[in-house]
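For the sequence shown, the numbering used here assigns the number 214 to the initial residue and increments by one for each residue that follows.
First up is the structure itself, then whatever we jot down about it.
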Amino acid sequence: MLAALTAALAVEPFLYAALLVETAVLFSIPILSPPGRQVGQGLQRYMIFQTLAVPAVLLAGWLLGVAEANPADTAMFQRAGLLLGLGFAFWLGVFPFYNWLPMMMAETHPFPAGYVLSLLPTAILLLGLDFINSIGFLGDSAALFYIVRIVGVLMVVTAGLWAAFQVNLARVFGYAVIFETGFALLAISLNTLSGWMLFAAAFLPRLLALLVFAFALAVLENQGIPLTLEGIRGLAHRYPLTAFGLLAAVLSIGGFPLLAGLPVRLEIFEQLATISRTSLIGTGIGTAGFLFCGMHLLSELIHSDEEEWHMMENWPARVILISSCLLLLAFGLFPETFFQSILFILQAFPQLF
Numbered sequence: 214m215l216a217a218l219t220a221a222l223a224v225e226p227f228l229y230a231a232l233l234v235e236t237a238v239l240f241s242i243p244i245l246s247p248p249g250r251q252v253g254q255g256l257q258r259y260m261i262f263q264t265l266a267v268p269a270v271l272l273a274g275w276l277l278g279v280a281e282a283n284p285a286d287t288a289m290f291q292r293a294g295l296l297l298g299l300g301f302a303f304w305l306g307v308f309p310f311y312n313w314l315p316m317m318m319a320e321t322h323p324f325p326a327g328y329v330l331s332l333l334p335t336a337i338l339l340l341g342l343d344f345i346n347s348i349g350f351l352g353d354s355a356a357l358f359y360i361v362r363i364v365g366v367l368m369v370v371t372a373g374l375w376a377a378f379q380v381n382l383a384r385v386f387g388y389a390v391i392f393e394t395g396f397a398l399l400a401i402s403l404n405t406l407s408g409w410m411l412f413a414a415a416f417l418p419r420l421l422a423l424l425v426f427a428f429a430l431a432v433l434e435n436q437g438i439p440l441t442l443e444g445i446r447g448l449a450h451r452y453p454l455t456a457f458g459l460l461a462a463v464l465s466i467g468g469f470p471l472l473a474g475l476p477v478r479l480e481i482f483e484q485l486a487t488i489s490r491t492s493l494i495g496t497g498i499g500t501a502g503f504l505f506c507g508m509h510l511l512s513e514l515i516h517s518d519e520e521e522w523h524m525m526e527n528w529p530a531r532v533i534l535i536s537s538c539l540l541l542l543a544f545g546l547f548p549e550t551f552f553q554s555i556l557f558i559l560q561a562f563p564q565l566f
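If you want it as structure tokens, here you go:
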């Protein structure tokens, strides 16, 4: 799967990337649903939406080829842009096509699902940058970035509010992926050098938080602990490191102070304040909802009548959880040190600036 996604980012002409992304999706099916395990509705919808994106992107490429022969035909460019946007909407699971995300997380093991949902949206977002960089009229379209901003705000608001009232932690992970994708779209919608830098700077904190979240859920799943708020009540007394990793990941995604997600969130808020206060308010509501989810999680984790504390994680899990949480803290305390190491990816998209 990883090899197919890497090839999709490097293939020329870039429209063939749609076929490689579909190959990666097909490779992900055995990971998400091992032989002998029943395929749920969430996984079926995942496959359907990812497959629907392919003809939309390929047809958009054909229309672009036709439009280049007659540059004066702006309607053809508009149709191509519409189909391209529809294809990426299916791929990323943007509003309103994201109901499969929480459903699939609730049906599959957290770690393989977390692996797929951490890598696939990241690769698709980079592919989107490649399209904007390669197709000139997309970068010049103010309407495109306006629509991207509206969609990003809707994703942040809905994901944050649904997560605030969700009792299934696997579904919360699905909403976390939607929430992160929404913020990535907001960074893209700025269409400025600072916006592209924020988009790139968010990669490592996003991947780290999602992987820590997925690993903590996998530890609980392997111990037979229900992935619900009721099931993890008092978990901090028995699995303190798992509880801390779970909490740190959720709060980092929500932009809690001192954690990895905060610096990029603050910069995006500052940029939105100069463009659209409505978008700023909507994004703030969604962020508050996700932070409320983190506070609710904290209250359940420490709520227990037990007085004794135990550490029931095995040593490999302890090492992974401690090192991951320290990295989340380090990203929050020293953001510039880490962000400079990832900004080099923007060199692949010179036409954006």
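Ideal placement from N, C-alpha and C gives every residue a C-beta, glycine not left out.
Computed from a predicted structure; not experimentally measured.
Rounded to the nearest angstrom, what separates residue i and residue j at their Cα positions?
| i | j | result |
| --- | --- | --- |
| residue 462 | residue 487 | 29 Å |
| residue 350 | residue 289 | 12 Å |
| residue 252 | residue 319 | 12 Å |
| residue 543 | residue 346 | 32 Å |
| residue 400 | residue 481 | 7 Å |
| residue 418 | residue 283 | 44 Å |
| residue 416 | residue 248 | 33 Å |
| residue 483 | residue 436 | 43 Å |
| residue 485 | residue 337 | 24 Å |
| residue 532 | residue 433 | 16 Å |
| residue 530 | residue 451 | 14 Å |
| residue 464 | residue 327 | 17 Å |
| residue 490 | residue 392 | 19 Å |
| residue 364 | residue 258 | 21 Å |
| residue 291 | residue 466 | 35 Å |
| residue 242 | residue 223 | 23 Å |
| residue 379 | residue 287 | 45 Å |
| residue 519 | residue 375 | 31 Å |
| residue 323 | residue 246 | 12 Å |
| residue 250 | residue 383 | 18 Å |
| residue 512 | residue 498 | 21 Å |
In the DSSP assignment, the alpha helix (DSSP H) including residue i goes from what residue to what residue?
| i | result |
| --- | --- |
| residue 262 | 254-282 |
| residue 446 | That residue, residue 446, is in no alpha helix (DSSP H); it is neither H nor E in DSSP. |
| residue 397 | 382-402 |
| residue 242 | 230-245 |
| residue 167 | What the structure shows of the chain is the stretch from 214 to 566, and residue 167 is not part of that stretch, so it cannot be assessed. |
| residue 434 | 416-435 |
| residue 555 | Element bounds for residue 555: n/a, residue is neither H nor E. |
| residue 363 | 355-377 |
| residue 287 | 287-305 |
| residue 315 | 313-320 |
| residue 215 | 215-223 |
Mind checking whether residue i and residue j have CB atoms under 8 Å apart?
| i | j | result |
| --- | --- | --- |
| residue 256 | residue 321 | yes |
| residue 444 | residue 438 | yes |
| residue 558 | residue 422 | no |
| residue 297 | residue 306 | no |
| residue 503 | residue 373 | yes |
| residue 214 | residue 244 | yes |
| residue 545 | residue 460 | no |
| residue 430 | residue 440 | yes |
| residue 266 | residue 308 | no |
| residue 564 | residue 352 | yes |
| residue 425 | residue 537 | yes |
| residue 390 | residue 330 | yes |
| residue 232 | residue 269 | no |
| residue 395 | residue 317 | no |
| residue 344 | residue 402 | no |
Could you work out which residue in the options is closest to residue i when comparing CA atoms only?
| i | options | result |
| --- | --- | --- |
| residue 427 | 451, 401, 450, 458 | 458 |
| residue 340 | 495, 477, 225 | 225 |
| residue 230 | 533, 274, 362 | 274 |
| residue 514 | 300, 328, 449 | 449 |
| residue 301 | 215, 243, 272 | 272 |
| residue 366 | 382, 550, 337, 397 | 397 |
| residue 495 | 369, 509, 452 | 369 |
| residue 500 | 478, 533, 517, 519 | 478 |
| residue 312 | 563, 385, 493, 564 | 385 |
| residue 540 | 379, 452, 474 | 474 |
| residue 377 | 491, 497, 508 | 508 |
| residue 234 | 361, 263, 295 | 263 |
| residue 240 | 222, 293, 292, 325 | 325 |
| residue 381 | 521, 236, 451, 442 | 442 |
| residue 409 | 395, 342, 456 | 342 |
| residue 404 | 360, 323, 221 | 360 |
| residue 335 | 521, 402, 375, 218 | 218 |
| residue 310 | 358, 371, 550 | 371 |
| residue 332 | 534, 493, 525, 237 | 237 |
| residue 407 | 510, 287, 523, 556 | 556 |
| residue 456 | 476, 411, 525 | 525 |
| residue 548 | 506, 522, 476 | 476 |
| residue 562 | 246, 521, 348, 506 | 348 |
Would you say residue i faces chain D, with C-beta separation under 8 Å as the test?
| i | result |
| --- | --- |
| residue 490 | This model lacks chain D altogether; it includes just one protein chain. |
**Inside the stretch 447-530 only - beta strand (DSSP E) runs reaching at least 3 residues** = If we require 3 residues or more, the stretch 447-530 turns out to have no beta strand (DSSP E) run fully inside it.
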